[in-house]
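Below is one structure, written out as structure tokens; the observations come after it.
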Amino acid sequence: MSPSRTAAELDVVVARLEADESYQTLKAKESVLDLQVRMLVQQQQSLVA
0 MSPSRTAAEL DVVVARLEAD ESYQTLKAKE SVLDLQVRML VQQQQSLVA
């Protein structure tokens, strides 16, 4: 498989995921969880400091 074909196939997969409502829901939840983790790490660091 050539690299350009692989990239094109990856683009198709990403486009299908981006159009999927379940994927969008998971992506939003992941963003919220990432933010919560960052906040907890900051709180922990302030307690340790």
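Per numbering that gives the first Met the number 0: the sequence shown ends with 48, consecutive numbering throughout. Here a beta-carbon is modelled for each residue, glycine too, at the ideal position from N, C-alpha and C. In this text, all values refer to a predicted model and were calculated from it rather than measured experimentally.
### Own chain residues within Cβ distance below 6 Å of E17, not counting five before or after
Once the five neighbours on either side are set aside, E17 has no close Cβ partner at all.
### Query
From P28 to R37, what does the alpha carbon distance come to, in whole angstroms?
With the sequence shown as reference, residue 28 is identified as Lys, and Pro is not the correct amino acid for it. Cα-Cα distance, rounded: 14 Å.
### Message
Using the three-state DSSP reduction, which class does A48 fall into: helix, strand or coil?
### Response
Three-state DSSP puts A48 in coil, outside helix and strand.
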